[in-house]
Structures are given as structure tokens and as C-alpha cells.
Amino acid sequence: MDIDRRLEEIIYEKLNKNLNENGFWWDGKWYTNEFLLNLTEATVNVLSKSGFSKGQRLSVLMPNCPMVLALMIACWKLGGAINPLNVKAGADSLLGTLRLVEPFAVVVSNEVKNEAGGLIENNGYPLVVCNEMGPLPEFTGISSKAEEESLAVIFATSGTTGMPKAVPLSHLNLAANVDGMMTALTDLKKGDALLNILPNFHSFGYSACTLLPIFLEGSQVLVPGFLPPLRALKAIVEAPVTVLIIVPAMLNYLLAAIEKGAPRPENLRLIITGGDRYNVDMDEKLKALMGKGNLQGYGLTETSPVLAVNRNYDENRLGTVGPFLKYVEWQLRPDGNRPMVQGEGVLWVRGKSVTNRYFRDPEMTAARFDSDGWFNTGDYVSVNDGYLKILDRVTDIIIVGGFNVYPQEVERIVNMHPAVQSSIVVGIPHPSSGEIPKIFILKKDEAEVTDIEIIQYCKKHLDHFKVPRKVEFVDGWPLSGTGKILRRVLKERV
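If you read the sequence shown in the numbering used here, its first letter stands for residue 38, the second for the next number, and so on.
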């Protein structure tokens with residue numbers, strides 16, 4: 038595939054090539070690629086009449102729906118960029134991103150209008166209320182400083198600090214990433230139906246669930262949100278979905294629903310997770326209840342996002358996130374040592390799918406990118422035989438008396454306890470050791486276990502300095518809009 042073309046050129050080529058084929062599934066019905074093209078052209082006409090032009094940005098706060106697809110393609114055709122946002126991010130974060138991005142207008146669904154429409158309008162941004170199936174109503178926007186036409190999407194992300202920042206991704210960034218995924222996932226087939234349930238304000242959902250099925254000449258099953266899980270499961274079964282791309286927390290909910298009697302998917306060929314840690318001990322249950330195990334991948338918003346993924350079930354190595362995708366250059370940088378390509382260290386990357394900056398933020402850019410364009414992922418990893426394993430976020434590593442404790446290792450052991458559904462380990466200050474591990478535990482339904490039993494269990498399976506000294510049982514996890522457990526919220530509780 039020619040990845041040097043603009044995204045809308047590739048999309049129009051793919052859709053026109055398969056006009057009468059299924060393009061997307063929505064609310065129990067399939068729609069053709071021709072329908073999507075017609076909706077897109079109508080959207081282009083309205084945007085053009087409104088004054089939207091090259092280099093402008095359009096912010097969108099809508100659930101996954103047909104209009105999100107049409108707005109995306111239409112913005113690109115007119116030389117502009119799309120800025121998908123999360124209404125649940127909070128007023129300060131939302132307004133901070135809008136001030137930074139300076140959108141031409143903000144397109145929202147009826148539900149978002151009720152929740153945040155007043156906030157947006159009162160701060161001077163044109164509000165456009167649009168139905169999920171369209172059409173886009175006529176409006177007048179506000180032009181601001183034009184950005185380069187190569188800019189395709191601006192994602193707002195909090196990273197691990199909780200402070201919002203904006204990540205600009207170019208047409209080349211996204212095209213290279215999708216092409217890399219298509220090459221890496223060797224069992225993908227033309228005509229596959231991919232579930233599109235990850236929120237569109239998340240780069241994983243945008244690249245892997247929205248763009249990938251179009252580039253693959255397949256289709257996508259659009260579901261506006263994950264909760265309740267039975268809605269998602271119904272779509273997976275009825276459409277039916279053949280490729281499930283999802284985050285681990287969502288997978289847990291689906292398995293729990295099936296265990297309670299919900300229908301099992303019969304047509305899944307591939308299950309792929311990313312966006313958070315995957316408990317490898319659940320893989321056998323996954324095979325039993327959903328017919329396939331998991332191919333784990335890894336990436337960051339700044340890398341469009343996928344950096345690595347396990348290729349197929351024959352070459353799958355549980356506990357790793359697979360080999361790197363093509364177009365990705367990488368190196369490990371242990372503290373104080375020269376870069377390596379084997380062993381352990383902080384992962385640095387660059388390449389066609391990696392952004393070169395933060396949007397209008399030179400200070401943050403200087404902090405994460407070096408002078409040669411290498412980006413610091415902030416993840417401490419190991420690479421052996423070409424397979425990447427995430428040991429932990431550098432900021433999450435707990436140092437106990439000078440020894441490194443990787444929360445992921447402790448969590449893996451604790452999750453093997455028959456009473457434990459999932460766990461999170463964080464470091465807490467200690468006067469003599471510097472830090473000690475504290476573990477939060479979500480128990481399985483009706484299971485009984487004490488903190489003393491957990492600590493004793495850990496002493497049997499872990500080095501003494503890795504054993505959690507504090508145990509707290511929880512009823513649920515604080516989750517981000519993408520279903521990722523907010524570890525920093527647990528740290529703040531400590």
C-alpha cells in the first residue's frame with residue numbers, strides 16, 4: 038500500500054472499489070460503502086459552505102456512530118483535521134484542549150449537548166448538534182490559525198500525569214501504522230468484520246477499529262459504547278464480528294456475561310487486546326468461552342498507536358506484546374549506558390508512525406523527544422528474540438531498599454490466587470526502605486480471603502522485598518473512558 042498518500046485518497050479508493058459491500062453495521066442493520074460515501078459527500082458540502090478550509094480543526098464529541106466516520110473523511114477531503122474529544126474528561130480538561138486546538142466548531146450528539154453544550158457555547162465555541170446518522174446541519178464556524186495540511190487527527194491524552202496534552206498525528210503517521218498492522222496480523226482477511234467499540238477519542242480505536250477495517254476492505258460493527266456489556270455481546274453475535282479488538286477490562290466483562298448465560302460468539306477468528314495489561318492466566322477461559330485466545334499488542338497515542346503485536350496464534354508468546362511493527366525504529370536505554378537492542382531498558386522509538394511533537398507545546402516536546410527525533414515511551418521493557426515484554430512504566434517501578442519491584446510481576450502472582458479476580462500494586466513511602474508495595478485486590482464473586490492470607494501467599498512465591506506489606510480490598514476499579522485502570526487514582530488514594 039502507498040502510505041505516502043493522504044488518508045482520504047486511500048479511503049475513497051477502497052470504498053469505491055467495494056461500493057455494494059457491507060461498510061458498517063449500526064443499530065442492528067448493515068449499510069453499504071456507497072451509503073457511507075453519500076453521507077460523507079453531504080457532510081463535505083455542509084462543511085465547505087460553513088467556511089471550513091485547509092488547516093482548520095473540527096472538534097467532535099459523539100459516540101461511535103456513522104457521522105463520526107463521515108466527519109472524519111470529510112475533514113480530510115477539505116484539508117483539515119479532526120479532534121475527537123471525551124465529554125467525561127471534565128470541564129477543565131475539555132476547555133483546556135479546546136483553547137489549545139482552537140476548533141472551527143464543536144460537533145456534538147444530542148446527549149452531549151445536554152451534558153456539556155452550555156459549557157461549550159458559553160466559552161465562545163460554535164456548537165453543532167448532529168444526529169448519529171446525520172445529516173450535518175448548516176452552521177457558521179470560526180476560523181483560526183491554519184495548521185499544516187499533513188495534520189490528520191489531534192488526540193487529547195492525559196498520559197500518566199493526569200495533565201491533558203494534545204498529540205498531533207499526520208496522514209503518514211496513521212497510514213504507516215495501519216499498514217504495519219495489516220502486515221503484522223497475518224491472519225487478517227479481506228472482508229473481516231471488526232468490532233468498533235473502543236471510543237473514537239482513543240487512538241487505538243481510531244486506527245485499529247475505524248481505519249483498519251476500511252484499509253482491509255472489510256467492515257466494522259459500530260457500537261456507541263461498551264456498557265452495558267450485553268449490548269456489545271449482542272452486536273458481536275448478531276453482526277457477526279470476526280475480529281475482536283478490545284481492551285482487557287472490556288474482555289473481562291464479556292467473559293463474566295457469558296459465564297452468567299449470555300450467548301457465546303461463534304464466528305470470532307481473532308481476539309486482539311491492547312491499551313492495558315492482559316492477565317495471561319485468563320487465556321484458557323477465553324478459549325473456552327469465546328473460542329480463541331488473545332493476541333496482545335502495545336502502543337501509545339504518540340505512536341499512532343501500535344508499536345508491537347503478536348502476529349498469529351502459531352507464533353503467539355503469552356506475556357509478551359509481540360515483535361515490533363515495520364516502520365518502527367527502536368532502542369533500549371538503560372540508565373547511563375549506550376543504547377541496546379537486546380535486554381532491558383527504557384524503550385525509545387522513532388519512525389513513520391511516530392509523531393514528532395506535542396501540539397503547540399515545545400516544553401513537553403523537549404522533555405520527551407531528543408534532538409535526533411527519538412521518543413521516550415516512558416516504559417521499562419525487555420526484548421528477547423525480537424519479542425517485546427513490558428515490565429512497567431518507569432514511573433510505576435517501586436524501589437524497595439535499592440531493589441526494583443515491577444508491579445506487573447507481583448500482580449501476575451497474586452492474580453493466580455483462586456479468590457482474586459484482579460489486582461493493582463503501587464508503591465507507598467516507607468521511612469527505611471524508601472518504598473514498599475501495597476496491593477489493591479478485587480475479589481471474585483462470593484470469594485473469601487484475608488489480607489494475612491494474601492501476604493502469606495506472596496511470601497511463598499516472591500522474593501521478600503517484592504511481597505506487599507499492605508493489602509486493601511476494593512469493590513471495583515477507577516476506569517478511564519477507554520476502560521483502562523487508572524493506577525494514578527489508586528496512588529492518590531494512598
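By construction, the Cβ of each residue, glycine as well, lies at the ideal position given by its N, Cα and C atoms.
Asked                                                                                                    : Found
Presumed contact (8 Å Cβ cut-off) between L231 and P250, rounded CB distance                             : 4 Å
Buried/exposed call for N57, threshold 16 Cβ in 10 Å                                                     : exposed
Length of the line joining the Cα atoms of V511 and E184                                                 : 46 Å
Straight-line Cα distance separating L344 from D318                                                      : 24 Å
Cβ-Cβ separation, F361 to G520 (assumed contact under 8 Å), whole Å                                      : Not confirmed; about 25 Å, so no contact.
DSSP-derived helix/strand/coil call for N289                                                             : helix
Nearest-angstrom Cβ-Cβ length linking I478 and R506, presumed shorter than 8 Å                           : About 14 Å separates the two Cβ atoms, so there is no contact after all.
The stretch 219 to 234 / the stretch 373 to 384 touching (three or more Cβ pairs under 8 Å)              : no
P360 - DSSP class collapsed to helix/strand/coil                                                         : coil
Selection from P121, A276 and R268 that minimises the alpha carbon distance to A299                      : R268
Classification of S341 by the beta-carbon crowding that lies within 10 angstroms, buried from 16 upward  : buried
contact_flag[the stretch 149 to 162, the stretch 354 to 373] where n(CB pairs < 8 Å) is 3 or more        : no
Residue(s) in a DSSP beta bridge with V346                                                               : G334
Segment contact flag, the stretch 421 to 436 with the stretch 240 to 249, C-beta cutoff 8 Å, min 3 pairs : no
3 or more residues per run - each beta strand (DSSP E) lying fully within the stretch 226 to 272         : 230 to 233 and 256 to 259
For P63, the three-state DSSP class (helix, strand or coil)                                              : The sequence given here has Trp at residue 63, not Pro. It is a strand residue.
Cβ-Cβ distance between L253 and C246 below 7 Å                                                           : no
Under the three-state DSSP convention, the category I476 falls into                                      : strand
Minimum length 3: unbroken beta strand (DSSP E) runs contained in the stretch 146 to 218                 : 164 to 166, 188 to 194 and 202 to 207
Simplified DSSP assignment, three categories, for E50                                                    : helix
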